[in-house]
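Colleague: Below: one structure in structure tokens.
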Amino acid sequence: MAENHTLSRSRTLASRWLGLGLAVTISVVTLGLAVTGQLTLYISPESIWFACAGAVVVLAGAIWSCTLPLGEELDHGHDHGQAPAGDAVDATASRRRSLTVIGTISAGVLASGVVVAALVLPPASLSVELAMSRADAGGALFAGADVPTLGVADTTTFGIGEWSSVFATATRPEAYDGSTVTLTGFVTPGGDADAVNLTRMIITHCVIDAQPATVPVSIDASEYGTGQWVEVTGTVKADADGSLRVVPTSVVAIDEPGDPYEY
1283 MAENHTLSRS RTLASRWLGL GLAVTISVVT LGLAVTGQLT LYISPESIWF ACAGAVVVLA
1343 GAIWSCTLPL GEELDHGHDH GQAPAGDAVD ATASRRRSLT VIGTISAGVL ASGVVVAALV
1403 LPPASLSVEL AMSRADAGGA LFAGADVPTL GVADTTTFGI GEWSSVFATA TRPEAYDGST
1463 VTLTGFVTPG GDADAVNLTR MIITHCVIDA QPATVPVSID ASEYGTGQWV EVTGTVKADA
1523 DGSLRVVPTS VVAIDEPGDP YEY
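Everything in the sequence shown is counted per the numbering used here, starting at 1283 for the first residue and increasing by one.
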């Protein structure tokens, strides 16, 4: 009897950890990152209020759940009745219980690992290697890509994402010749030794949908290592073949900015 009680209590504690414990831990991490300004390493600024509101609701629910006796949440308030007897039924039930236990343990270990990693590992931006691998998968076009194709847009507020779309889609590239730019990004290999790509990760909602945007910059590729953050000031040059590139007047090596993404 005591053994059954101990087993039941262990199952109840495990159930609370998998449900309430993991949710509370993630909520606390989310609010902590928001307070320190590091939540933008994972989601767009527009989504922060939603994430924080969700975390507060989870914490409020956790506080309320603490008023329930241990195991109370598993009580449905009615009796399921006596299960029909029989070897076939018992065998089926036993297999289902085994699969349930295996699935619960596997999911619990995976979820717990994710939560522990969130607690232990320091917040970090997406890696340069990830940006390069996603760039190889295909060129992404970003918000506002349809505007430059219809005419010359106001480029004074353009970042790498918008300029990347202009370079890829502009129907009148000569119209952008001579436009001044000041862009911040990290260096990735270009098409030849006389150019590099200035790259920035673009996020729509969160890091899961992040895609790299690149613009070619005419500088010696040996001057800056891959992954080096730089601030480039210069002008856009339209070549005879219709391609666009940035010809810099100033390139300054900088540290990774606090908010490394564009949105």
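No residue lacks a Cβ here, since even glycine has one placed at the ideal position from N, Cα and C. All values reported here derive from a predicted model rather than from experimental measurement.
Using a Cβ-Cβ cut-off of 6 Å (strictly less than) and excluding sequence neighbours within five positions of Gly1509, which residues of its own chain qualify?
Modeller: For the purposes of this step, residue 1509 is taken as residue 227 along the sequence shown, with counting starting at 1. Within the same chain, Gly1509 has close Cβ partners Val1410 and Phe1468.
Colleague: Alpha carbon to alpha carbon, what distance is there between Leu1313 and Ser1447?
Modeller: As a position in the sequence shown, residue 1447 is number 165, starting the count at 1. As a position in the sequence shown, residue 1313 is number 31, starting the count at 1. The alpha-carbon atoms of Ser1447 and Leu1313 are separated by roughly 35 Å.
Colleague: For a quick check, are the C-beta atoms of Asn1479 and Thr1464 less than 7 Å apart?
Modeller: Against the sequence shown, residue 1479 aligns to sequence position 197. Against the sequence shown, residue 1464 aligns to sequence position 182. No, these two residues do not count as a Cβ contact at 7 Å.
Colleague: Can you tell me which of Thr1349, Tyr1545, Asp1537 and Leu1323 puts its alpha carbon nearest to the alpha carbon of Ile1442?
Modeller: Stepping through the sequence shown from its first residue, residue 1442 is reached at position 160. Answer by Cα proximity: Tyr1545.
Colleague: With DSSP as the reference, label Leu1408 as helix, strand or coil.
Modeller: The sequence position of residue 1408 within the sequence shown is 126, counting from 1. Three-state DSSP puts Leu1408 in coil, outside helix and strand.
Colleague: Can you pull the DSSP bridge partners for Met1483?
Modeller: Translated into positions along the sequence shown, residue 1483 becomes position 201. Beta-bridge pairing links Met1483 to Pro1494 and Tyr1543.
Colleague: Ser1500 by DSSP, collapsed to three states: which one?
Modeller: The residue given as residue 1500 occupies position 218 in the sequence shown. Coil at Ser1500, not helix or strand.
Colleague: Within the continuous beta strand (DSSP E) that includes Thr1307, where are the two ends?
Modeller: As a working mapping, residue 1307 is identified with position 25 in the sequence shown. Taken as a continuous stretch (DSSP letters only), Thr1307 belongs to no beta strand (DSSP E), being part of the alpha helix (DSSP H) at Leu1304 to Val1317.
Colleague: Under the rule that 16 or more other beta-carbon atoms within 10 Å means buried, what is Glu1444, buried or exposed?
Modeller: By 1-based counting over the sequence shown, the position of residue 1444 is 162. Counting Cβ neighbours within 10 Å, Glu1444 comes out buried, since at least 16 surround it.
Colleague: Report the residue from Gly1303, Leu1315 and Thr1322 whose alpha carbon sits nearest the alpha carbon of Ile1484.
Modeller: The residue given as residue 1484 occupies position 202 in the sequence shown. Of the candidates Gly1303, Leu1315 and Thr1322, the one whose C-alpha sits nearest the C-alpha of Ile1484 is Thr1322.
Colleague: Just to confirm the assignment: which complete alpha helix (DSSP H) runs, minimum length 4, are found wholly within the segment 1433-1467?
Modeller: Whole alpha helix (DSSP H) segments, 4+ residues: 1442-1451.
Colleague: Compute the distance between the beta-carbons of Ala1477 and Ser1500, then report whether it is under 7 Å.
Modeller: For the purposes of this step, residue 1477 is taken as the residue at position 195 of the sequence shown. For the purposes of this step, residue 1500 is taken as the residue at position 218 of the sequence shown. For Ala1477 and Ser1500, yes; Cβs fall inside 7 Å.
Colleague: May I have the straight-line CA-CA distance separating Val1310 from Ile1325, to the nearest angstrom?
Modeller: For the purposes of this step, residue 1310 is taken as the residue at position 28 of the sequence shown. For the purposes of this step, residue 1325 is taken as the residue at position 43 of the sequence shown. Those two C-alpha atoms are separated by around 16 Å.
Colleague: In the DSSP assignment, find the alpha helix (DSSP H) that holds Ala1335 and state where it starts and stops.
Modeller: Along the sequence shown, read from residue 1 onward, the residue named residue 1335 stands at position 53. Per DSSP, Ala1335 belongs to the alpha helix (DSSP H) from Ile1330 to Ser1347.
Colleague: Beta strand (DSSP E) containing Pro1327: first to last residue?
Modeller: Position 45 of the sequence shown, counting from 1, holds the residue named residue 1327. Run containing Pro1327: none; DSSP gives neither H nor E here.
Colleague: Hey, is Ala1337 close to the ligand ADP, as in C-beta under 6 Å from one of its heavy atoms?
Modeller: As for the ligand ADP, it is missing from this structure, which has no ligand bound.
Colleague: By DSSP, does Thr1508 sit in helix, in strand, or in coil?
Modeller: Indexing the sequence shown from 1 puts residue 1508 at position 226. Coil, per DSSP.
Colleague: Once DSSP output is grouped into helix, strand and coil, what is the label at Ser1415?
Modeller: Translated into the one-based positions of the sequence shown, residue 1415 becomes position 133. In this structure, Ser1415 counts as helix in the three-state DSSP scheme.
Colleague: Would you list the one or two residues that DSSP bridges to Ser1532?
Modeller: As a first step, residue 1532 must be located in the sequence shown, where it is residue number 250. Thr1515, per the DSSP bridge assignment.
Colleague: Per DSSP, Ala1520 forms a beta bridge with which residues?
Modeller: As a position in the sequence shown, residue 1520 is number 238, starting the count at 1. Paired residues: Leu1526.
Colleague: Buried or exposed, going by whether 16 or more other CB atoms sit within 10 Å of the CB of Ala1535?
Modeller: For the purposes of this step, residue 1535 is taken as the residue at position 253 of the sequence shown. Label assigned to Ala1535: exposed.
Colleague: Looking at chain D, is there any beta carbon in it that lies within less than 7 Å of the beta carbon of Val1469?
Modeller: Of the protein chains in the structure, only one exists, and it is not chain D.
Colleague: Is Leu1341 closer than 7 Å to Pro1455 when the C-beta atoms are compared?
Modeller: Along the sequence shown, one-based indexing puts residue 1455 at 173. Along the sequence shown, one-based indexing puts residue 1341 at 59. The answer is no: Cβ separation not under 7 Å.
Colleague: Roughly how many whole angstroms lie between the Cα atoms of Asp1537 and Tyr1506?
Modeller: Position 255 of the sequence shown, counting from 1, holds the residue named residue 1537. Position 224 of the sequence shown, counting from 1, holds the residue named residue 1506. If you take the alpha carbons of Asp1537 and Tyr1506, they lie about 13 Å apart.
Colleague: Please state if the CB of Lys1519 and the CB of Val1529 are separated by a distance shorter than 7 Å.
Modeller: Taking the sequence shown and counting its residues from 1, the one referred to as residue 1529 is at position 247. Taking the sequence shown and counting its residues from 1, the one referred to as residue 1519 is at position 237. Result yes, Cβ atoms of Val1529 and Lys1519 sit closer than 7 Å.
Colleague: Please list, in chain order, all residues of the same chain as Thr1531 whose beta carbon is under 6 Å from its beta carbon, the five residues on each side excluded.
Modeller: Taking the sequence shown and counting its residues from 1, one reaches residue 1531 at position 249. If we look at Thr1531 and ignore the five residues flanking it on each side, its Cβ neighbours are Thr1515 and Gly1516.
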